[in-house]
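Undergrad: Just dropping this structure here.
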Amino acid sequence: MKIRKILIDASFLLLVVAIPAGAQTTLTIATVDNPDMERMQRLSDSFVSDNPDIELEWVVLDENMLRQRVVTDIATGGGRFDIVTIGLYEAPIWAERGWLSPLDTLSADYEIDDLLSPIRNALTFDGELYAAPFYGESSFTMYRTDLFENADLEMPDAPTWDFIRTAASTISEQNDDVYGICLRGKPGWGENIALITAMAVSYGARWFDMNWKPQFDSEAWGSTVNDYVKLMSDFGPPDAASKDYSDMLALFQEGKCAIWIDATVAASAISDPEASTVADKVGFALAPDRGLGKRSNWLWAWALAVSKGSEHLEAAKNFVAWATSRQYAETVAEKVGWANVPPGTRKSLYENSDYLDAAPFAGMVLSSIESADTAHPTVEEVPYSGIQYVAIPEFPAMATAVGTQFSQALSGEISTGEALKNAQWVTGKVIERARFITDK
């Protein structure tokens, strides 16, 4: 099998898995440019070998661009993509709109009941599974055990935000070449907003009250954003407002971060001695809290769904079943080790002694996922579901606008007070207009 990389424009690559002449079906797959998805592309030769009449094309995009391209194509019925990589937010909304084909022909060998309940439920609409999880995640705390030991600090299994600040300050004072803390700063509803909203939940904040009134003028939101900006300004890397998940991952792997609070899926990447310079010096703890009954752990999965507009529905569903199966996990384990198997999707993985031996973070990941309650996400009651997102169609544009305000506050362009005031205004306008359209 040969893989050709074709630069379509500056924003993405088209990867064509070339197979012998005579192929009758081409599946175009839109996916995100992260290590797990890149590994799936490399291992897809086994699927091609078993299905010689199918050719695969991969459209690989960064997270923000993926969402823009996919939603434009699938909402307009453009038919560009057969298989799309989406998250927990999109799956039920797109299913309700009739944009996705239900995965109702999965065979018994797929073992759908093996999927972790929080992830499976979030990908289900009206009793049908509409996307299969490739990997699932929550968020937790990753830290340098050697730096903590040198600073005579002990990370609790369940830290508070106050402890995180103390530790970041202490380690920053003792190490000129290490940042005390690394947190996402790049604007985007799946970037800084994911982190800050989950943080805000632990502070008792919420996007809306039960009457859909925005809550950015609350004390809880003020404390959240002030603490986030101060943490990153005092102890974070320079130019943090432009740095996303991938940037922070690279910094941690290079030994530049003492504490990183982010997606649990990063655990294998920072523990991999071939990729991380600190692989043997990494510890894990739950996401921080403020003692209010909610931690800052979110729930997410990158999942594969089949566009309703695909002309190759059964072939596409067969690929989705292959890529999200127990057998695929075993293939990954055989090729690159159990620690690199896509996490957070199947109960059986967390009962597998080979995986548990290879992944010391597994128990903490499972606890973080199982404790994330998207149906009751906040301390106070809310009219929406979702933890780091609000499960309404208007959220991406609204949250990206809010994320821009918070990013500008982090970079010092505006004050946190101004950022919160602008966030209150924009969310109010969006909700007002959305309700008006609905009523009409």
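If you read the sequence shown in the numbering used here, its first letter stands for residue 14, the second for the next number, and so on.
Virtual Cβ for every residue (Gly too), placed ideally from N, Cα, C.
Does DSSP put L79 in a helix, a strand or coil?
TA: For the purposes of this step, residue 79 is taken as residue 66 along the sequence shown, with counting starting at 1. Correct three-state label for L79: helix.
Undergrad: Hey, A300 and A144 are a contact pair by Cβ (cut 8 Å); roughly how many whole angstroms apart?
TA: Numbered from 1 along the sequence shown, position 287 holds the residue referred to as residue 300. Numbered from 1 along the sequence shown, position 131 holds the residue referred to as residue 144. The pair is not a contact, with the Cβ atoms about 25 Å apart (cut-off 8 Å).
Undergrad: What is the rounded straight-line gap between the Cα of A280 and the Cα of E426?
TA: Your numbering for residue 280 matches position 267 in the sequence shown. Your numbering for residue 426 matches position 413 in the sequence shown. Straight-line Cα distance between these residues: approximately 33 Å.
Undergrad: Consider the C-beta atom of L262 and the heavy atoms of the ligand COA; say whether any pair is separated by less than 6 Å.
TA: Summarising the ligand content, the structure contains no ligands, and the ligand COA is consequently not present.
Undergrad: Using DSSP with H/G/I as helix, E/B as strand and the rest coil, what is E407?
TA: Translated into positions along the sequence shown, residue 407 becomes position 394. E407: coil per DSSP, three-state reduction.
Undergrad: Alpha carbons only, please: which of D127, D126 and P146 is nearest the one belonging to Y135?
TA: Walking along the sequence shown from the start, residue 135 turns up at place 122. The sequence given here has Ala at residue 135, not Tyr. When only C-alpha atoms are compared, the closest one is P146.
Undergrad: Kindly indicate which residue of W112, D122, G149 and L113 has the alpha-carbon position closest to the one of L129.
TA: Here residue 129 refers to the residue found at position 116 of the sequence shown. Minimum Cα-Cα distance from L129 among the listed residues W112, D122, G149 and L113 corresponds to G149.
Undergrad: Does the Cβ of K226 have 16 or more other Cβ atoms within 10 Å, making it buried, or fewer, making it exposed?
TA: As a working note, residue 226 is residue 213 in the sequence shown. Exposed: under 16 other Cβ atoms inside 10 Å.
Undergrad: Give me the Cβ distance between Y156 and G296, rounded to the nearest whole Å; I'm assuming they're in contact under 8 Å.
TA: Within the sequence shown, numbered from 1, the residue matching residue 156 stands at position 143. Within the sequence shown, numbered from 1, the residue matching residue 296 stands at position 283. Right, their Cβ atoms sit about 5 Å apart.
Undergrad: What residue range does the beta strand (DSSP E) around Y156 cover?
TA: Numbered from 1 along the sequence shown, position 143 holds the residue referred to as residue 156. Y156 -> beta strand (DSSP E) spans S152 to R157.
Undergrad: Quick check for students: name the residue ranges of the alpha helix (DSSP H) that lie wholly in the stretch 84-159, counting only runs of 4 or more.
TA: If we require 4 residues or more, the alpha helix (DSSP H) runs fully inside the stretch 84-159 come out as 103-109 and 130-135.
Undergrad: Can you give, in chain order, each stretch of the alpha helix (DSSP H) that sits fully within the stretch 342-408 and has at least 4 residues?
TA: 366-371 and 375-383
Undergrad: Applying the 10 Å Cβ sphere with the 16-neighbour rule, what's the burial state of K269?
TA: Mapped onto the sequence shown, residue 269 falls at position 256. Its Cβ being crowded by 16 or more others within 10 Å, K269 is buried.
Undergrad: Kindly indicate which three-state DSSP category D252 falls into: helix, strand or coil?
TA: In the sequence shown, residue 252 corresponds to position 239, counting from 1. Coil.
Undergrad: By a C-beta neighbour count over all protein chains shown, 10 Å radius and 16 as the cutoff for buried, is N163 buried or exposed?
TA: As a position in the sequence shown, residue 163 is number 150, starting the count at 1. Its Cβ having fewer than 16 others within 10 Å, N163 is exposed.
Undergrad: Pull up the CB-CB distance for T38 and A334, whole angstroms please, since I reckon it's below 8 Å.
TA: Working through the sequence shown from its first residue, we reach residue 38 at position 25. Working through the sequence shown from its first residue, we reach residue 334 at position 321. Actually they do not touch by this definition, with Cβ atoms about 16 Å apart.
Undergrad: With DSSP run on the structure shown, which of helix, strand or coil describes T440?
TA: Taking the sequence shown and counting its residues from 1, the one referred to as residue 440 is at position 427. The answer is helix: DSSP assigns T440 an H, G or I state.
Undergrad: Straight-line CA distance for P172 to T154?
TA: Translated into the one-based positions of the sequence shown, residue 172 becomes position 159. Translated into the one-based positions of the sequence shown, residue 154 becomes position 141. So the alpha carbons of these two residues sit roughly 9 Å apart.
Undergrad: Work out the CA separation of N224 and N353 for me, nearest whole Å.
TA: As a working note, residue 353 is residue 340 in the sequence shown. As a working note, residue 224 is residue 211 in the sequence shown. Looking at the two C-alpha atoms, the distance is approximately 44 Å.
Undergrad: Use the C-beta contact count for I125: other C-beta atoms within 10 angstroms, 16 or more gives buried, fewer gives exposed.
TA: Here the question's residue 125 lines up with position 112 in the sequence shown. So I125 counts as exposed.
Undergrad: Under 6 Å Cβ to Cβ from L79, same chain only, skipping five residues before and after it: list those, please.
TA: If you number the sequence shown from 1, residue 79 lands on position 66. Cβ neighbours of L79 beyond the five flanking positions: V45.
Undergrad: Spatial neighbours of Q183 within its chain, please: CB distance less than 6 Å, with the 5 preceding and 5 following residues excluded, ordered by chain position.
TA: Taking the first residue of the sequence shown as position 1, residue 183 is located at position 170. Here the sequence assigns Thr to residue 183, which means Gln is not the residue at that position. For T183, where only same-chain residues beyond five positions count, the Cβ hits under 6 Å are A164.
Undergrad: Are the Cβ atoms of S152 and W311 separated by less than 7 Å?
TA: For the purposes of this step, residue 152 is identified with residue 139 of the sequence shown, where counting begins at 1. For the purposes of this step, residue 311 is identified with residue 298 of the sequence shown, where counting begins at 1. Result yes, Cβ atoms of S152 and W311 sit closer than 7 Å.
Undergrad: How many Å lie between G92 and D86 at the Cα?
TA: Counted from its first residue, the sequence shown places residue 92 at position 79. Counted from its first residue, the sequence shown places residue 86 at position 73. So the alpha carbons of these two residues sit roughly 7 Å apart.
Undergrad: Considering just the uninterrupted stretch of the beta strand (DSSP E) at A276, what are its terminal residues?
TA: Walking along the sequence shown from the start, residue 276 turns up at place 263. I272 to A276 is the span of the beta strand (DSSP E), which, as asked, contains A276.
Undergrad: If you run the structure through DSSP and keep just helix, strand and coil, what is I42?
TA: Translated into positions along the sequence shown, residue 42 becomes position 29. Of the three classes helix, strand and coil, the one that applies to I42 here is strand, per DSSP.
Undergrad: Please classify S231: is it buried, with 16 or more other beta-carbons within 10 angstroms of its beta-carbon, or exposed?
TA: Position 218 of the sequence shown, counted from the first residue, corresponds to residue 231. S231 is buried by the Cβ-count criterion.
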